[in-house]
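Mapping of the sequence shown onto the working numbering: position 65 corresponds to residue 289, and the numbering continues sequentially without gaps.
Glycine is no exception: its CB is placed at the ideal position from the N, C-alpha and C atoms.
One structure is given below, encoded as structure tokens.
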Amino acid sequence: MDFTKLATALRKREYEVSCFETGADAANYLDAQIDGVTVGFGDSMTLKDLGIYELLSKHNTVYDPAHPRDGMDFYTTAPLCLTTDVFLTSVNGIAETGEMVNIDGTGNRVAGSLYGHKKVYFVAGANKVVPTLEEAAHRARNIAAPLNAARHGYKTPCAFKKDHCYDCYSPQRICNAQVIYWQKMNHMNMEVVLINESLGL
Ligand code: SF4
């Protein structure tokens, strides 16, 4: 995929942008950029695919709800991620016009992506890129969320059928909030790392 149009649109919206052909190149870049700081993770299969937790843990203090430290769990780890120097997550959809979309059930992912850090990295593969904001929102709700619910084994209609959102009232619903990132948040550095591979959900 040619990221030229998307990168231009994102820069116009005040994000830094880095583009890589492979996930390995992107992982090496992040490993070099993030050093000697505190790092928080927002749930992301993309970051998991890239092995970012393992890389950064060697030379940073990393909090990841998916990798709780001894004696901790999701609920004690997730709050710590909200005030780290650096926060890493992905997005459920990116429009070529530069808007990004994330859906969240618990809120730690979107909360950490909006405020409280010196820098936020959004890491996304080419599979997340669609032409318009409407399609990015549609992707988040009807592709990423059902796949994510299925991955967790949640009892939601989308997890069983994996076809689209049913706007359910399940106690395990994972779509309790949807955030549209129109532009970089004020007073925070934000970088979008684009990777020309299919990564995450
Ligand atoms: S609202 Fe319910 S059915 Fe729709 S994607 Fe979210 S969990 Fe699935």
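Quiz item: Once you ignore the five residues that flank residue 313 on each side, which residues in its own chain have a CB closer than 6 Å to its CB?
Solution: 266, 268, 333, 337
Quiz item: Relative to the C-alpha of residue 260, which residue among 343, 296, 280, 273 is closest?
Solution: 280
Practice problem: Compute the distance between the beta-carbons of residue 415 and residue 245, then report whether it is under 8 Å. | Solution: no
Quiz item: Is DSSP giving residue 253 helix, strand or coil here?
Solution: helix
Self-check item: Spatial neighbours of residue 335 in its chain, beta-carbon cut-off 7 Å, leaving aside the 5 residues before and after
Solution: 306
Quiz item: In chain order, what residues of the same chain lie with their CB nearer than 6 Å to the CB of residue 325, ignoring the 5 residues before and after it?
Solution: 316, 317, 360, 361, 364, 404
Self-check item: alpha helix (DSSP H) runs wholly inside the segment 278-304, at least 4 long, in chain order
Solution: 298-301
Quiz item: Is DSSP giving residue 246 helix, strand or coil here?
Solution: coil
Self-check item: Proximity below 8 Å, CB of residue 351 to CB of residue 304
Solution: no
Quiz item: Terminal residues of the continuous alpha helix (DSSP H) containing residue 385?
Solution: 381-385
Exercise. Answer yes or no: the CB of residue 391 versus the heavy atoms of the ligand SF4, is any distance below 7 Å?
Key: yes
Quiz item: Is DSSP giving residue 340 helix, strand or coil here?
Solution: coil
Exercise. Can you tell me which of the three DSSP states residue 367 falls into?
Key: helix
Self-check item: Spatial distance of residue 390 from residue 283 (CA atoms)
Solution: 43 Å
Quiz item: In chain order, which continuous runs of the beta strand (DSSP E) of length 3 or greater are located wholly inside the segment 389-413?
Solution: 401-405
Quiz item: Is it the case that the Cβ atoms of residue 418 and residue 231 are separated by a distance below 8 Å?
Solution: yes
Exercise. Within the same chain, show all residues whose beta-carbon is closer than 8 Å to that of residue 411, passing over the 5 residues directly before and after it, in chain order.
Key: none
Quiz item: Measuring CA to CA, which of 321, 293, 320, 286 is closest to residue 308?
Solution: 286
Exercise. Check whether the Cβ of residue 355 sits closer than 7 Å to any heavy atom of the ligand SF4, and report yes or no.
Key: no
Quiz item: Measuring from the CB of residue 395, is there a heavy atom of the ligand SF4 at a distance below 7 Å?
Solution: no
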